[in-house]
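Structure first, commentary second.
Numbering (the numbering used here), first residue to last: 21 to 144.
Structure below.
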């Protein structure tokens, strides 16, 4: 069945399918480590304070205050990126040495970042 967001056709069925898919995953309802939840809460607080992004070194320092470093830090950052809580497009290997701002930045306010990128491609 096709989905038409403008008319609302098929949206309920799509939503139901996505929920069923998520519930069927083996990690559904698995608790997140407390340090991950604390870091995500810190991101939300930064957004409330008007922060849109931070550089990778500040991000790793913030994570360290929540007890995250090394591989657990990398996994948590990847999780937060994949779930849309933050956006990070860099590499953990070269993040500290990268001079490219885009790849050395953790975007906290994902909606703001999307609006900025839309502004680059839209012409109206």
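For glycine and all other residues, C-beta sits at the position ideal for the given N, C-alpha and C.
From residue i to residue j, what distance separates their C-alpha atoms?
i, j, result
"residue 18", "residue 36", "Nothing about residue 18 can be reported from this structure: the residues present for the chain run from 21 to 144 only."
"residue 63", "residue 48", "23 Å"
"residue 41", "residue 140", "34 Å"
"residue 78", "residue 28", "42 Å"
"residue 81", "residue 133", "22 Å"
"residue 118", "residue 69", "Note that residue 118 scores 49 on pLDDT, short of 50, meaning its location in the model is unreliable and no value can be drawn from it."
"residue 76", "residue 21", "43 Å"
"residue 74", "residue 96", "16 Å"
"residue 102", "residue 109", "11 Å"
"residue 46", "residue 57", "20 Å"
For residue i, name the three-state secondary structure that DSSP assigns.
i, result
"residue 118", "Bear in mind that the predicted position of residue 118 carries a pLDDT of just 49, short of 50, making it unreliable; the figure below should be weighed with that in mind. Coil at residue 118, not helix or strand."
"residue 50", "coil"
"residue 57", "helix"
"residue 141", "helix"
"residue 6", "With the chain covering only 21 through 144, there is no way to say anything about residue 6."
"residue 84", "helix"
"residue 109", "coil"
"residue 126", "strand"
How many whole angstroms separate the CB atoms of residue i and residue j, which I take to be in contact at a CB cut-off of 8 Å?
i, j, result
"residue 123", "residue 107", "Wrong, their Cβ atoms sit about 11 Å apart, outside the cutoff."
"residue 88", "residue 52", "The pair is not a contact, with the Cβ atoms about 12 Å apart (cut-off 8 Å)."
"residue 104", "residue 136", "Actually they do not touch by this definition, with Cβ atoms about 16 Å apart."
"residue 23", "residue 31", "6 Å"
"residue 83", "residue 93", "5 Å"
"residue 86", "residue 55", "5 Å"
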